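Following: one structure in structure tokens, then a few remarks.
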Amino acid sequence: MEKKRSLTIGQKQKIAGWLFLIIATVMIFVFSFWPMVSALTTSFKTGSAANMKWCSPLTFNYTRMVKDKIFKTSLSNTFLYLIIQVPIMLIVAIFLAQLLNNRDLKFKGLFRTCVFLPCSISLVSYSLIFKSLFATQGLINSLLMKAHLISENINWLGTTGTARFVIILGLLWRWTGYNMVFYLAGLQNIEYSVYEAAKIDGANGWKTFWYVTVPLLRPVIIMTFIMSINGTLQLFDESVNLTNGGPAGTTITMSHHIYNNAFGTGVANFGYASAMSFVVFVMVAILALINLKVGDTRD
Numbered sequence: 001m002e003k004k005r006s007l008t009i010g011q012k013q014k015i016a017g018w019l020f021l022i023i024a025t026v027m028i029f030v031f032s033f034w035p036m037v038s039a040l041t042t043s044f045k046t047g048s049a050a051n052m053k054w055c056s057p058l059t060f061n062y063t064r065m066v067k068d069k070i071f072k073t074s075l076s077n078t079f080l081y082l083i084i085q086v087p088i089m090l091i092v093a094i095f096l097a098q099l100l101n102n103r104d105l106k107f108k109g110l111f112r113t114c115v116f117l118p119c120s121i122s123l124v125s126y127s128l129i130f131k132s133l134f135a136t137q138g139l140i141n142s143l144l145m146k147a148h149l150i151s152e153n154i155n156w157l158g159t160t161g162t163a164r165f166v167i168i169l170g171l172l173w174r175w176t177g178y179n180m181v182f183y184l185a186g187l188q189n190i191e192y193s194v195y196e197a198a199k200i201d202g203a204n205g206w207k208t209f210w211y212v213t214v215p216l217l218r219p220v221i222i223m224t225f226i227m228s229i230n231g232t233l234q235l236f237d238e239s240v241n242l243t244n245g246g247p248a249g250t251t252i253t254m255s256h257h258i259y260n261n262a263f264g265t266g267v268a269n270f271g272y273a274s275a276m277s278f279v280v281f282v283m284v285a286i287l288a289l290i291n292l293k294v295g296d297t298r299d
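Each residue of the sequence shown is one higher than the one before, starting from 1 at the first, in my numbering.
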């Protein structure tokens, strides 16, 4: 009788690799792609969760958005936060990383920890902290009154302009350190000899930063830009916990509006909420694609 041929180590490794790959693929499909397909079909339906039916032309969810004033407000608010907050946050994060990457800086670990520390605080907790700080009788108004910068308390969260400012400020405080860590990791992968060569060639600090550091950090910058866009378009906690979308819905975000339609007061409208979710998905995909195309320097 012939002996059974045992598998070689290479074949066993290949089988193990395919096994892990298949398991991961099935999990991604079950927990990511299938819910996306299910949500897409739901977006063409209307009615309560127990009695959903396909939309008629009069109840089509995607045309309903055009007439929905709250959706338009949430869309403009979200892009306002995106346009103002994301560039400021990433620019500050790059400069902080550059400063904290200095070889001669003392207590670097302490400074890096202090900048990164806000990221470790939960989203709900930090929103409530900012809500108390910017309350009418809060610490910020007290400090401004003592400094004689204001004559009466400012209703920070009760006025549209100041409420949006508080949300943007909270986002900057919470996420700047998070992005700084990515830039710091990228800077530490740049050989110090590159900077020495630039110095020998007569490049000053600004030229070295602009013509050496930024090009070498381009992949990290693109990644953080896409992540920040994705996060801002799905902004939820600040709108809910800081202002609850007020005053009069003028600070509400798209995710907050989606949540209100899906799980808020009244009958849950999962069809309309799913349609708005897909609009957000398409926006994220388009903006990510634009960033990848702009940042791709290959010939």
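For every residue, glycine included, the Cβ atom is placed at its ideal position computed from N, Cα and C.
Predicted, not measured: the structure shown is a model, and the values here were computed from it.
{"query": "Buried versus exposed call for MET1 [16 or more other C-beta atoms within 10 Å across all chains shown]", "result": "Any reading at MET1 needs caution, since the residue's pLDDT is 46, under 50, leaving its predicted position unreliable; the model's value is listed next. Classification for MET1: exposed."}
{"query": "Per DSSP, cross-strand counterpart(s) of TRP54", "result": "LYS45"}
{"query": "Nearest neighbour of PRO247, chosen from PHE60, TRP156, LEU217, PRO118 [CA to CA]", "result": "TRP156"}
{"query": "Unbroken stretches of the alpha helix (DSSP H), 4 residues or longer, contained in the stretch 85–166", "result": "108–116, 123–133, 139–146"}
{"query": "Reduced DSSP category for GLN234 - H, G, I as helix; E, B as strand; rest coil", "result": "coil"}
{"query": "Residues near VAL124 in its chain [Cβ-Cβ closer than 7 Å; skip 5 each side]", "result": "ASP237, ASN241"}
{"query": "Alpha-carbon spacing of ASP299 relative to CYS55, whole angstroms", "result": "For ASP299, the pLDDT reaches just 49, beneath the cut-off of 50, and the residue's location in the model is therefore unreliable, although a value from the coordinates is still provided. Their Cα atoms are separated by approximately 47 Å."}
{"query": "Stretch-stretch touch, CB-based, cutoff 8 Å, three pairs: the stretch 106–123 with the stretch 147–154", "result": "no"}
{"query": "Alpha-carbon spacing of SER228 relative to LEU133, whole angstroms", "result": "25 Å"}
{"query": "Residue-level contact to chain B via CB, THR63, 9 Å cutoff", "result": "Of the protein chains in this structure there is only one, and it is not chain B."}
{"query": "Inter-residue Cα distance where the pair is PHE165 and GLY158", "result": "12 Å"}
{"query": "Coil, strand or helix - PRO247 by DSSP", "result": "coil"}
{"query": "Limits of the unbroken alpha helix (DSSP H) element including PHE20", "result": "9–28"}
{"query": "Straight-line Cα distance separating THR208 from ARG218", "result": "15 Å"}
{"query": "Environment of TRP175 [buried if 16+ CB atoms lie within 10 Å]", "result": "buried"}
{"query": "Helix, strand or coil at LEU217 [DSSP, three-state]", "result": "coil"}
{"query": "Top-ranked residue by Cα proximity to LEU235, from THR224, ALA273, PRO215, ILE258", "result": "ILE258"}
{"query": "Test item: CB-CB of PHE111 and TRP173 under 9 Å", "result": "no"}
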